[in-house]
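Number of protein chains: 2
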Amino acid sequence: MASLQDSYQKLIATAKQVTVIQSASGILLWDLETKMPARGLEQRSEQLALLDVLTHKTITDPKVGRLLDGIEGDHGFADMDALQRRNVHLMRKSYEEESGLPQKLVEELAKQAAITTDAWKRGKMAKDFSIYQPELEKMLALRKESAAILRDIKGARTEYDALLDIYEPGMTVDRISELFATMRDGLRDVMDKIGSSDRRPDLGIMSRHVPTAVQRRISEAAMDLIDYQVRGRTAYGRLDETEHPFTIGYYDDVRITTHYYENRFTSSLFSILHEGGHALYEEALPREWKYQPIGGPCSYGVHESQSRFMENMIGRSPEFLAYMLPRLNEITNGMFKDVNKDDFILAVNAVEPSKIRVEADEVTYGLHIIIRFELERDIMSERLSVDELPQAWNDKYREYLGVEIENDAEGVMQDTHWSSGSLGYFPSYALGNLYGGMFLQKMEADVPQWREYVGNGNMAPVRAWLAENIHSRGSLYDPEELVRVVTGKALQVEPFLNYLDTKFSEIYDC
Amino acid sequence: MASLQDSYQKLIATAKQVTVIQSASGILLWDLETKMPARGLEQRSEQLALLDVLTHKTITDPKVGRLLDGIEGDHGFADMDALQRRNVHLMRKSYEEESGLPQKLVEELAKQAAITTDAWKRGKMAKDFSIYQPELEKMLALRKESAAILRDIKGARTEYDALLDIYEPGMTVDRISELFATMRDGLRDVMDKIGSSDRRPDLGIMSRHVPTAVQRRISEAAMDLIDYQVRGRTAYGRLDETEHPFTIGYYDDVRITTHYYENRFTSSLFSILHEGGHALYEEALPREWKYQPIGGPCSYGVHESQSRFMENMIGRSPEFLAYMLPRLNEITNGMFKDVNKDDFILAVNAVEPSKIRVEADEVTYGLHIIIRFELERDIMSERLSVDELPQAWNDKYREYLGVEIENDAEGVMQDTHWSSGSLGYFPSYALGNLYGGMFLQKMEADVPQWREYVGNGNMAPVRAWLAENIHSRGSLYDPEELVRVVTGKALQVEPFLNYLDTKFSEIYDC
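These protein sequence lines are chains Y and E, in that order.
For the first sequence, the numbering used here gives the first residue as 305, with consecutive numbering after it.
For the second sequence, the numbering used here gives the first residue as 305, with consecutive numbering after it.
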């Protein structure tokens, strides 16, 4: 047993090295986006590439394979505690995934990703898919090649399943198809109901000019409210400004960014709640598991559930908005004095089918994701070819959202994900909403007064519930298993749909 | 010959890895001092420690030893070009230095450095050397142990020689003793001369209240003047605020910091010229040698020569100050309208023996360094013990500078260097002045109109001279050799002394 524990400790020490290198990379990436002088890019690329190589080398060291074999083959393995076995499982998974791909293919993927991303930028700028198409085809060919290898390693049914598993361990194309079919119908029902309402949001409220300096004070208030700490000795976060908001960090150093639009002040407010939701998750991971595989977040979708929970379920709730309106008036010296509570709530929650995913409201957002999922699935199974992609995109936008795409820049080229070969990523965004629906239902049972607390600007009970039920479980379970452990039920779409129906029926009085 | 070049390319690839890791560490250190949230320290220490280990492992990889043996033993080695042979020499040096120390000793040194630095802080705060003494003794014992090993590796005469060689390759205790004896007498002569002058600086000019916001505009002007670029697509630098100013960077990403004291505005102005001098050096290193050993700066002392050149020889020159005074009045809306040029020049260049090294003027500074050098030398040769250090310190301050040290916080505990075992570092500060004196003499011959240029706010000719003569030579020579290559003469003290004598005779009219 001593030698089993010995091997296990060596394995955990390797995992720590990987985590530490990755957290260092995170800071370098953050710096690249926020502080780096323009000319620093070449050096930074060298630094990031080398740290990637070192991570890869550390994970795929043959010694790691031997340690894993020894531990798993030991007669004492079955008696190790569940946390230790989960760590071994997660290490085995990353060892297999990272070792399986030939180094040459990894390098080709990285190189083609850079080339395709560049072609995407040029194509989008010129609104010309033909600039993008040949490089996207090369990227997808390489991605399929690597997905086929991953499929065999993981014993997945299809290549797309192997990719989905990277972002949402255990998720499959069949399971997502089933969930999304229900979600699509449900979202359409809510949209139809809202369409029948007489209430019309006054969007002018949202576009009032709020100077950046004033928005910065709103940001401070928002960070204080969710207790995301950026000042003094207890600070673990910081806020900076970038073109696109993001969160980067690990445990005691988790940084967020936002972007200030002077004629769209809610953009920064809700991006701070969104990124803050991500940050609270990282910070509340169990300290005793720091640097261990189980100490990481569960999945991309669960991470997204936490950001959307804070942004939408809390931040766009009537109770929170009713609390915020007078606070906004304090901070802005009465810029919204003439706005009544209900009009504010309706304007913030306006539902309107649109062309651009990142600008979509809470109801229509899922349809943007379903479109991407269906296209990815068909591309991967070769039912769809790259040259058919723009037309397929436009057809689905017409069918699901009722909007006419006028050019490929606002259509198939709006997102960057496919350029780097990140197929399988999009579903996580919508799965995050579904997980969030399940979590909300359970929180309502556990903390029935949560809306009252939020309405008084007291977010502590919500934060505590999330920390205790989700954050503290780190990477102990795959996402669907986590949902079951937290809620006692299998993942279902209905809680999310019910949440939307109840909320928007009230707001739209329909 | 093919296999020799093959081995050489492998060696250079290893050197690049080391440089890239170290440049990444630099960014993490910069972030620690400027942007990191308070709680991030534990993670950051793990990151920095791991990158140190990876650097050490990369340099000391037995493969490196075999490559070096193969290259140096190859019959074609003598015919390799001089640059390649210099790269091999520098790699051999770091391989020997890094491989020679037992891992256990390296770890003990790091651990004891942290403990001693902590004891130093507490001792300094309490003005009580007895808190510091036992930990300093342990630190010095470990340092001596490692210095003895380094002495054998390097074939140095004494242990202290082995340490000096880390910071100033090729420098010895005998050579420095000789240089510093001349410098000491010369500085005393200049001090005596100034002491005989009737002119008394009006220090009130220096302590006028200049708000931080205004000082920031002065900083912008100073950075523009020396063409240290912090904005837009050509930026390779940035300015941030820290307790103690520093420079961190490499080639295309070189960052400086400053500290604003509202009643000491020249502190930020001259710290920006000082750190800017460091930054210009890094940026102007030869691009074709980037990531190679010869592409680094020559030595600590040569680095310091560049910062002091810009801060003192240029920045505190009568010509630059005459140019700056009206600029200051523009920026500050006439805060110095009543000050005449000569009074300003005298106030900036006030000479007054003092207790604190970092506050010392250009003339007395060298004496602070000589005191530290003599004490380090005597500690290393065991002519002096740690418990005798405070008295020896105070005696030397009385003898060389004529000041009475009242407690050990302003005496022997004022600097942090010894706490981390960095004996041998102090001399570089003064050697930087001596190198600077040699360089200035040559620049005056090459660019006789330099004072006129500087007086018109045109720093380009000075920058170009430094870049061409010093920066572009990277690490091609050891420092004394560099001085000879640049000036055609052996390193001498007189040019620095002559510079001081001429400058201060004029300013003090003596």
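A virtual CB, placed ideally from N, CA and C, is assigned to each residue, including glycine.
Quick caveat, the model's predicted, so the values are computed rather than measured.
{"Check": "Range covered by the beta strand (DSSP E) that runs through Arg559/E", "Outcome": "Asp557 to Thr562"}
{"Check": "Selection of the segment 311-344 of chain E by Cβ proximity to chain Y, strictly under 7 Å", "Outcome": "Gln321, Val324, Ile325, Ser327, Ala328, Ile331, Leu332, Asp335, Lys339, Met340, Pro341, Ala342, Arg343 and Gly344"}
{"Check": "Selection of the segment 556-567 of chain Y by Cβ proximity to chain E, strictly under 9 Å", "Outcome": "Asp556, Asp557, Val558 and Arg559"}
{"Check": "Validate contact between the segment 580-590 of chain E and the segment 607-621 of chain E using beta carbons, cut 8 Å, 3 pairs", "Outcome": "yes"}
{"Check": "Cβ shell of Thr562/Y (< 6 Å), same chain only, five flanking positions each side left out", "Outcome": "Pro549, Ser572, Ser575 and Ile576"}
{"Check": "Own chain residues within Cβ distance below 7 Å of Asn567/Y, not counting five before or after", "Outcome": "Ser511 and His513"}
{"Check": "Range of the contiguous beta strand (DSSP E) that encloses Thr551/E", "Outcome": "Thr551 to Tyr554"}
{"Check": "Three-pair Cβ contact test at 8 Å for the segment 537-545 of chain Y versus the segment 641-655 of chain Y", "Outcome": "no"}
{"Check": "Near-chain E residues of the segment 347-369 of chain Y - C-beta to any C-beta below 8 Å", "Outcome": "Gln347, Arg348, Glu350, Gln351, Leu354, Leu355 and Leu358"}
{"Check": "Own chain, CB closer than 6 Å to Asn391/Y, minus 5 neighbours either side, in chain order", "Outcome": "Gln596, Pro597 and Ile598"}
{"Check": "Leu744/E in three-state terms, based on DSSP", "Outcome": "helix"}
{"Check": "At least three beta-carbon pairs within less than 8 Å, the segment 416-424 of chain E to the segment 646-656 of chain E", "Outcome": "no"}
{"Check": "Proximity below 7 Å, CB of Glu564/E to CB of Thr516/E", "Outcome": "Note that residue 564/E corresponds to Tyr in the displayed sequence, not to Glu. Yes, Cβ-Cβ distance for Tyr564/E and Thr516/E is below 7 Å."}
{"Check": "Backbone secondary structure at Leu405/Y - three-state DSSP", "Outcome": "coil"}
{"Check": "Beta strand (DSSP E) runs wholly inside the segment 535-617 of chain Y, at least 3 long, in chain order", "Outcome": "543-545, 551-554 and 557-562"}
{"Check": "Euclidean distance between Cα positions of Cys602/E and Tyr312/Y", "Outcome": "46 Å"}
{"Check": "Phe640/Y in three-state terms, based on DSSP", "Outcome": "coil"}
{"Check": "Proximal residues of chain E, C-beta to C-beta of Ala539/Y below 8 Å", "Outcome": "Pro341, Ala342 and Arg343"}
{"Check": "Same chain, Cβ closer than 6 Å to Ala713/E, neighbours up to 5 away in sequence not counted", "Outcome": "Lys428 and Lys431"}
{"Check": "CB contact below 7 Å: Arg661/E versus chain Y", "Outcome": "no"}
{"Check": "Assigned secondary structure, Asp712/Y (DSSP; H/G/I helix, E/B strand, else coil)", "Outcome": "coil"}
{"Check": "Alpha-carbon to alpha-carbon, Asp456/E and Glu449/E", "Outcome": "11 Å"}
{"Check": "Glu708/Y, buried or exposed, once every other Cβ within 10 Å from all chains shown has been counted against 16", "Outcome": "exposed"}
{"Check": "Span separating the alpha-carbon of Leu780/Y from that of Glu592/E", "Outcome": "50 Å"}
{"Check": "Residues of its chain near Leu333/E, where Cβ-Cβ distance is below 8 Å and the 5 sequence neighbours each way are ignored", "Outcome": "Leu352 and Ile552"}
{"Check": "Selection of the segment 422-447 of chain Y by Cβ proximity to chain E, strictly under 7 Å", "Outcome": "none"}
{"Check": "DSSP three-state assignment for Val751/Y, whether helix, strand or coil", "Outcome": "coil"}
{"Check": "C-beta contact flag for Tyr803/E and Gly741/E at 7 Å", "Outcome": "yes"}
{"Check": "Tyr812/Y versus Arg767/Y, Arg520/Y, Pro622/Y and Ala342/Y, residue with shortest Cα-Cα distance", "Outcome": "Pro622/Y"}
{"Check": "Residue-chain proximity (Arg767/Y, chain E), Cβ-Cβ < 7 Å", "Outcome": "no"}
{"Check": "Supposed contact pair Phe433/Y and Val716/Y - C-beta distance, whole angstroms, cut 8 Å", "Outcome": "7 Å"}
{"Check": "Closer than 9 Å at the beta carbon, the chain B residues around Arg542/E", "Outcome": "Protein chains in the displayed structure are Y and E, and chain B is not among them."}
{"Check": "Span of the alpha helix (DSSP H), counted from its first residue to its last, around Pro505/E", "Outcome": "That residue, Pro505/E, is in no alpha helix (DSSP H); it is neither H nor E in DSSP."}
{"Check": "Contact set between the segment 739-752 of chain Y and chain E, restricted to residues whose Cβ is under 9 Å from the partner", "Outcome": "none"}
{"Check": "Selected residue, minimal CA-CA separation from Leu444/E, among Val357/E, Leu629/E and Asp682/E", "Outcome": "Asp682/E"}
{"Check": "Simplified DSSP assignment, three categories, for Arg461/E", "Outcome": "coil"}
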